[in-house]
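One structure below.
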Amino acid sequence: MKRILELATAADAAASGALERDANGEDSTSFNTSVYTSLDAFEADEAAHLMKKKGRLTPVEFDQLNAVLSANRDDPEFARRFAVRTGADTTLERYNELVNPPAGTHLSKKDIAELKSFQKNLGTTLGTATRSDDHGKADPAITKFQEDLRAAGQHEFKANPTESAHGFSGYQVGASLMSQGKWDTNFLQDYGDDLISAERHGTSGGGQRPEAFWSAGNTRSPGLANMVPLDPMNGFADALGHNPEASTEFLTGSTTVGNEKVDHLDYLLKERQWPEGGAYTGDAKNPSGYDHLGHALESGTTGRSYDDVDAEPVKHSAERAALMHDVVDTVGVQPEILTEGGRDAMRDSLGNMTADYMADFQAAVGNEQGTIVPFGEDARLDTAPFQPFLSAVGQDPDAYAAITQAEQANTAVLMRRVIDSHPADLNTAMENVTHPGAVVAGIMGGARAHAIHEAHSASDADYNSAVATTDKWVGRGLSMAVGGATAAVSPVAGVVAGFAVEDIQELVVDRAQRDTTAEARNEADTSYAQGIKAIRTSSADSLRLALQASGTNMSQREIDVQADAVARAASVGYTSGVAWNSAVNGS
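If you count by full-length UniProt numbering, then the sequence shown holds residues 1 to 587, one letter each, in order.
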C-alpha cells in the first residue's frame, strides 16, 4: 500500500509540474514546440535537476528527490534518462555529499533510515539504467555512463574537503550504490576486473592487507552515517548477489593484472584477506566482508538473488554446477579456512547452497540404482572433499537448518519415487535411498556436536531455534526433488507431490530437537544417542508419508516391515556420517 501511494503521489506531482512547465522559459512570444510527452521524461529531468543543483539540497528538496526515485526506480525509460542527464561524476558527488554531512551534524534514527532509503532508491535506479538497453541495440549514452562510472573509480570524492585530507575513492562511492538493485551483467564484469586490478596494484603479497589500501593508510573515515563502506568489494559482492548471471560469470572467470592471471574465485575465497570491521562493511552488526562474498557465491551457484526468499528454484546450469563443485573442493580440501579471518560468516550462504544441491550430495554418497536425480546439471561432487565441507558448514545453526530440511524433503521424495517404480525388492531399494540422506544427517549431527561441545560456538538451543523458525527449505526441497526428475514444481496450497509441507517440517523439527538440560548439555554421547534415535524415527515416518502420498495399499504389517528396514539403513548411514565427521575434526 505504501508503494502504491508513493507511485500515485509522484505521478500527481509530475503531471502538475508538466502542465505548468514552459519548455521555452520566459519567452512569451515563442510557441512551445518541446513540451514533455511523458511523465517519465519530466520526472527524470526534475530529479536530474536536483542532483545537479549547486549547493546542498534542502530537506524538502531531498524528500522530493527521494520520492521520485522511489516511485520510478524500476522504470527503464525514467532510469536511462535520469542517469544520462545527471552523469556519472555528478551522481557520485551528490550521493557522497548527501550521505556524508559535515561534522557536528546530528543524525537521528529517522535521518539514517531516510539516507538508507535514498541509497536503495538511487542504487536501484542506476542499476535499472545500466540494463535499459539489454533488449535492443547497445545505447551509446548508457555505454558512456557506464564507462564514466568506471573511470570515476580512480577519482577522489570529498563531501567536506576542509575536514579531512581524504574523502572516498570513486570505487568506494560507486560500490556503495551497487549494493542495491540489479546492475548490468557486462558492466559488473568490467567493474570487478577494475576493482581487482586496482587492489592488486595497490597492495603487496596478492591481496594481503587490502584495508591499508582502501583506508589510504587509515586516513579515510566512514563518516557519520557509515553509508560508504571503506572496502568496495562488499558492495560489489552484493551486486553480484543480486545478479546470478553476472555472479556465475565473474566467479568462474579471471582478471589479467600485469603478466599475472588472477582467478576470481581463488582470489576472493582463498587469497584475499577481507578487512574486518563495521567501517569496512558499512554495518557494525555484520563486520565480516565474507558475509557479502557468501551472497555472491549463493546467487552464482543457485541462480537466485541471495535475498529473494520467495524465488522459485532455478535448474542448475553446467556453469553453476561447476562453480558449486569448485567451492566444495576449495573448502573441503582446506576446511580450516572457515574458521580463519571471519570466513565463518559465509556458512549460512554455504548452507543454502548445499541445500540447493542436496540431490548432488546424496548421490555422491551412493546412487547405484540411479534413483537420485540432480536438479539440472550434476555438480559431480567428489566424496573426499564434500565430507569435510559439510562438517565445516554444519557448525552454523542456520546452515544446519537449511541442510537438514532439504535432506529430509529430498529423502521423502526419493522414497515415493521408489514406491512408484514398483521394484522387485522394495526393501533393498528403500534402504539404498535412505542411506545417503542418513549419512548427510550423521555428518550434520557430528558437526553440531563439535560446534557445541568442542568449539563452543553455538548451543543446542541455537540449533533447535534455527530449525523451528526456518521452513523455506522444506517446500523448496520437495519442489527441487520432484523437479529433478520432471519439471520444477512449486508448492501449491502447501502440498508438493502429495506431501504436506507442514508434515515434513514437523519431522525435521522433531528430528533436530536435542535435550538442553544441564545434564545433557555437556554430553556429546547423549547428542549422538538422541540423533540416532531421531533419524530412525524420522526415516520411518517419511516412509509412511511416502506410502500415503503415493496411494499405495499395504497391510500394517508390510508397512512396519518397510519402516523397520529404512530405520536400520538410517542408523547405519547416520553412524557412518558421524564417524566421517569425527575423522575430519579429529574427535
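In this text, a Cβ means the ideal position worked out from N, Cα and C, and glycines have one as well. Every value quoted in this text rests on a predicted model; they were computed, and no experiment measured them.
Q) Which word fits Val262, buried or exposed, when buried means at least 16 other C-beta atoms lie within 10 angstroms of its C-beta? A) Within 10 angstroms of the beta-carbon of Val262 lie 16 or more other beta-carbons, which makes it buried.
Q | Closest residue to Ala113 among Asn96, Asn226 and Thr91 (Cα-Cα distance) | A | Cα-wise, what sits closest to Ala113 is Asn226.
Q.
My assumption, with CB atoms under 8 Å, is that Pro275 sits in contact with Gln362. Please give the rounded CB distance.
A. Contact between Pro275 and Gln362 is ruled out by a C-beta separation of about 38 Å, above the 8 Å threshold.
Q: Let me know if Trp580 comes out buried or exposed under the rule of 16 or more other beta-carbons within 10 Å of its beta-carbon.
A: Buried, since its Cβ has 16 or more Cβ neighbours within 10 Å.
Q) Quick one: complete alpha helix (DSSP H) runs, 4+ long, within the stretch 201-289? A) The stretch 201-289 contains these whole alpha helix (DSSP H) runs: 210-214, 232-241, 244-251 and 278-281.
Q.
If I measure Cβ to Cβ from Gly442 and keep anything under 8 Å in the same chain, skipping five residues before and after, which residues do I get?
A. Once the five neighbours on either side are set aside, the close Cβ partners of Gly442 are Gly531, Ile535, Gly573, Tyr574, Thr575, Ser576, Gly577, Val578, Ala579, Trp580 and Asn581.
Q | Residues of its chain near residue 589, where Cβ-Cβ distance is below 8 Å and the 5 sequence neighbours each way are ignored | A | The shown model of the chain, from 1 to 587, leaves out residue 589, and the question about it has no answer.
(Q) Bridge partners for Glu156 per DSSP, in chain order? (A) For Glu156, the beta-bridge partners assigned by DSSP are Ser169.
**Q.** Rounded separation between Ala458 and Gly394 - CA only
**A.** Using only the alpha carbons, I get a separation of about 11 Å.
Q | Limits of the unbroken alpha helix (DSSP H) element including Asn72 | A | Its alpha helix (DSSP H) spans residues Pro59 to Asn72.
**Q.** Val474 versus Ala311: straight-line alpha-carbon distance, rounded
**A.** Those two C-alpha atoms are separated by around 14 Å.
(Q) Do Leu92 and Leu115 have their beta-carbon atoms positioned less than 8 Å apart in this structure? (A) Contact flag unset, no.
Q: Give the straight-line distance between the Cα atoms of Glu199 and Gly174, rounded to the nearest whole angstrom.
A: In this model, Glu199 and Gly174 are separated by some 15 Å (Cα to Cα).
**Q.** For Gln334 and Val440, the rounded distance between their alpha carbons
**A.** Their Cα atoms are separated by approximately 19 Å.
Q.
Using only the alpha-carbon positions, how far apart do Arg343 and Gln154 sit?
A. Roughly 29 Å separates the two Cα atoms.
Q: Could you spell out the range, first to last residue, of the alpha helix (DSSP H) harbouring Ala379?
A: Element bounds for Ala379: n/a, residue is neither H nor E.
Q: Using DSSP bridges, identify the partner residues of His316.
A: DSSP output for His316 lists Gly376 as bridge partner(s).
Q | Close Cβ partners of Ser215 (< 6 Å) along its chain, the five nearest in sequence each way excluded | A | Leaving aside the five residues that flank Ser215 on each side, the residues in its chain whose CB is nearer than 6 Å to its CB run, in chain order, Leu230.
Q.
Would Val327 and Thr301 qualify as a contact pair, given that the criterion is a beta-carbon distance under 8 Å?
A. Cβ distance < 8 Å, so Val327 and Thr301 count as in contact.
Q. Taking just the CA atoms, how far does Thr470 sit from Ala409?
A. About 14 Å.
Q | Spatial distance of Ala549 from His316 (CA atoms) | A | If I take the Cα positions, the gap works out to 27 Å.
Q) Pick from Glu211, Arg209, Glu298 and Asp194: whose alpha carbon is nearest that of Gly258? A) Proximity to Gly258 across Glu211, Arg209, Glu298 and Asp194 peaks at Asp194, based on C-alpha coordinates.
Q. Hey, quick one: how far does the alpha helix (DSSP H) through Leu507 stretch, first residue to last?
A. Looking at the DSSP string, the run of the alpha helix (DSSP H) that includes Leu507 is Val501 to Ala512.
Q: Please report how far the alpha carbon of Gln119 lies from the alpha carbon of Asn96, in whole angstroms.
A: Going from the Cα of Gln119 to the Cα of Asn96 covers about 10 Å.
Q: Return the CA-CA distance between Gly87 and Ser179, expressed in angstroms with no decimal places.
A: Distance between the alpha carbons of Gly87 and Ser179: 19 Å.
Q | Inter-residue Cα distance where the pair is Leu547 and Ile419 | A | Cα to Cα, Leu547 sits roughly 7 Å from Ile419.
Q: May I have the straight-line CA-CA distance separating Arg209 from Gly253, to the nearest angstrom?
A: Distance between the alpha carbons of Arg209 and Gly253 is about 23 Å.
Q. Just how far apart, CA to CA, sit Ala159 and Ser117?
A. Going from the Cα of Ala159 to the Cα of Ser117 covers about 19 Å.
Q.
If you reduce the DSSP assignment to three classes, tell me which class Ala23 lands in.
A. Annotation note: pLDDT 46 at Ala23 (below 50); position unreliable, no value reported.
(Q) Quick check: the Cα distance between Asn32 and Pro232, rounded to an integer number of angstroms? (A) Low local confidence applies: a pLDDT of 43 at Asn32 is under 50, so the model's placement there is unreliable, with the coordinate-based value given in what follows. If you draw a straight line from the Cα of Asn32 to the Cα of Pro232, it comes to about 47 Å.
Q. Which stretch, first to last residue, makes up the alpha helix (DSSP H) that contains Val561?
A. Looking at the DSSP string, the run of the alpha helix (DSSP H) that includes Val561 is Gln556 to Asn585.
Q. Who are the near neighbours of residue 589 in its chain, counting only those whose CB is closer than 7 Å to its CB and skipping five residues on each side?
A. With the chain covering only 1 through 587, there is no way to say anything about residue 589.
Q. Distance, Cα to Cα, Ala23 vs Asp45?
A. Because Ala23 sits at a pLDDT of 46, beneath the cut-off of 50, its placement in the model cannot be relied upon, and the point is left open.
**Q.** For Leu107, the three-state DSSP class (helix, strand or coil)
**A.** Residue state, collapsed to three classes: coil.
Q | Cβ neighbours of Gly241 in the same chain (closer than 6 Å, five flanking residues each side left out) | A | Contacts found: His295, Ala296, Ser299 and Tyr306.
Q.
Which residue wins for smallest C-alpha separation from Thr552, given the options His325, Ala567, Ala529 and Leu426?
A. Checked all of His325, Ala567, Ala529 and Leu426; the closest Cα to Thr552 is Leu426.
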